[in-house]
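Below is one structure, written out as structure tokens; comments come after it.
Residue numbers (our numbering): 1 to 150.
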């Protein structure tokens, strides 16, 4: 029986994600203040924006570790949740995106589609490279590294 490759990555807080979230929130707040509405409507909009930014920040920083198997199984460990429910397992879908600075993992867990955004500064460069290789090739070896069968 062939043993599948496994990668466990402990995630760090992303400065890029924080900068993106802060800049998007500030741009939206400025846009809200330029709209021709009553001041109290703009104020309520800004309160809603602050709540959204807080929840988005908690979601970005929620995942603590990811374990990924080459056969498509994924296990996400969330920080700050009770110990009985902080690990979610599922199977990766083909909708995952693997780029140079951005990876989106899309998986199914109990017939529910879930996703997580990963940026390159959330892990070491070696972990980032290994994660990209497993997501692109899985159990297969790249074509140029295959050993010819005789």
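Note that CB positions come from ideal geometry on N, CA and C, so glycine has one too.
Reducing DSSP to helix, strand and coil, say where residue i ends up.
| i | result |
| --- | --- |
| residue 90 | strand |
| residue 122 | helix |
| residue 101 | coil |
| residue 37 | coil |
| residue 46 | helix |
| residue 132 | helix |
| residue 56 | helix |
Which residue comes first and which comes last in the beta strand (DSSP E) that contains residue i?
| i | result |
| --- | --- |
| residue 6 | 6-10 |
So residue i packs on residue j, CB below 8 Å; how close in whole Å?
| i | j | result |
| --- | --- | --- |
| residue 7 | residue 68 | 5 Å |
| residue 92 | residue 105 | 7 Å |
| residue 90 | residue 109 | 4 Å |
| residue 74 | residue 107 | 5 Å |
| residue 14 | residue 119 | 5 Å |
| residue 10 | residue 64 | 7 Å |
Can you check DSSP and say which residues form a bridge with residue i?
| i | result |
| --- | --- |
| residue 65 | 10, 77 |
| residue 109 | 112 |
| residue 117 | 104 |
Along the chain, where does the alpha helix (DSSP H) that runs through residue i open and close?
| i | result |
| --- | --- |
| residue 31 | 15-34 |
Could you tell me the distance, in whole angstroms, from the CA atom of residue i to the CA atom of residue j?
| i | j | result |
| --- | --- | --- |
| residue 31 | residue 59 | 24 Å |
| residue 28 | residue 122 | 26 Å |
| residue 132 | residue 99 | 8 Å |
| residue 34 | residue 41 | 12 Å |
| residue 152 | residue 44 | Residue 152 lies beyond the residue range present for the chain, which begins at 1 and ends at 150; the question has no answer from this structure. |
| residue 22 | residue 55 | 13 Å |
Is there a Cβ from chain D that is less than 8 Å from the Cβ of residue i?
| i | result |
| --- | --- |
| residue 132 | Among the chains of the structure shown, chain D does not appear; only one protein chain is present. |
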